[in-house]
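A.B. asks: Counting in full-length UniProt numbering, the sequence shown runs from 1 upward without gaps.
C-beta atoms are modelled at their ideal positions from N, C-alpha and C, and glycine is treated no differently.
Sending over a structure as structure tokens; questions will come in a sec.
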Amino acid sequence: MSEQIEIQFSGTLTKKYLYHLHHHYQPIWFNFFLKWLPWIFLGLMIYTLLSILGYISVSSPLYKPGYISVNSSFLYNIFLLLFLFFMSPWLFIKRQIKKILQSNKLIQGNFSGVATEPTLFWNSPYGESIFPWDAMLKYKEAKNTIILDTVINQTLIIPRNFFYSEEDWQQFRRLVISKVPKK
Numbered sequence: 001m002s003e004q005i006e007i008q009f010s011g012t013l014t015k016k017y018l019y020h021l022h023h024h025y026q027p028i029w030f031n032f033f034l035k036w037l038p039w040i041f042l043g044l045m046i047y048t049l050l051s052i053l054g055y056i057s058v059s060s061p062l063y064k065p066g067y068i069s070v071n072s073s074f075l076y077n078i079f080l081l082l083f084l085f086f087m088s089p090w091l092f093i094k095r096q097i098k099k100i101l102q103s104n105k106l107i108q109g110n111f112s113g114v115a116t117e118p119t120l121f122w123n124s125p126y127g128e129s130i131f132p133w134d135a136m137l138k139y140k141e142a143k144n145t146i147i148l149d150t151v152i153n154q155t156l157i158i159p160r161n162f163f164y165s166e167e168d169w170q171q172f173r174r175l176v177i178s179k180v181p182k183k
């Protein structure tokens, strides 16, 4: 008779894991764009700073010599600098994740569960769920985190640090790979 697999796990989700989740559900072109966007914004901020200091002349539809004063050009550059800094997507995404973590009671608190050969038991402060492996839609693996899609727009995030040992983590990974289709 074969030995029954029973893998215990427990832990709390953090902003880091939600950021990984967000990052891996974006289209590839969007991730590439976000990877280089900080450098583009840095270049624009340096350009704006140099134009404020007078090393580069500003040509914009708002600035017409003789019509708008030099102070307006300075204010335009300050506004552009503040806009680029505060509306940067990487800051926006991190703020959104922090807001989601604070406002969504279902992902706060300690999660625990047991993975067995036929099912995954998931316990949270607000309830318990039993997921048969064949009911899972797909899984993704990213940076020591397994993301299981149970239904459309509902995922389970199970990081490496939820497991008590490396052996448990590797056994869980093998179980997921054998039971759930990969995207």
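(1) Counting only the same chain and skipping the five closest in sequence on each side, list residues whose C-beta sits under 7 Å from that of residue 17.
(2) Tell me the start and end of each unbroken beta strand (DSSP E) in the region 110–150 that is at least 3 residues and wholly inside, in chain order.
(3) Could you give the distance in angstroms between the alpha-carbon of residue 177 and the alpha-carbon of residue 141?
(4) Three or more C-beta pairs under 8 Å: does that hold for the region 33–51 against the region 123–134?
(5) Can you tell me whether residue 42 is helix, strand or coil according to DSSP?
(6) Using a 10 Å radius around the Cβ and a threshold of 16 neighbouring Cβ atoms, would you call residue 109 buried or exposed?
(7) Expressed to the nearest angstrom, what Euclidean distance is found between the alpha-carbon atoms of residue 66 and residue 82?
(8) Can you tell me whether DSSP reads residue 165 as helix, strand or coil?
(9) According to DSSP, is residue 171 part of a helix, a strand, or is it coil?
(10) In three-state DSSP terms, what is residue 156?
(11) Using a 10 Å radius around the Cβ and a threshold of 16 neighbouring Cβ atoms, would you call residue 1 buried or exposed?
C.D. replies: Result, derived from the coordinates:
(1) 145, 157 and 159
(2) 110–116, 119–124, 127–132 and 138–141
(3) 10 Å
(4) no
(5) helix
(6) exposed
(7) Any reading at residue 66 is ruled out, since the residue's pLDDT is 48, under 50, leaving its predicted position unreliable.
(8) coil
(9) helix
(10) strand
(11) Confidence in residue 1 is poor, its pLDDT being 40 and thus under 50, which makes the residue's placement too unreliable to answer from.
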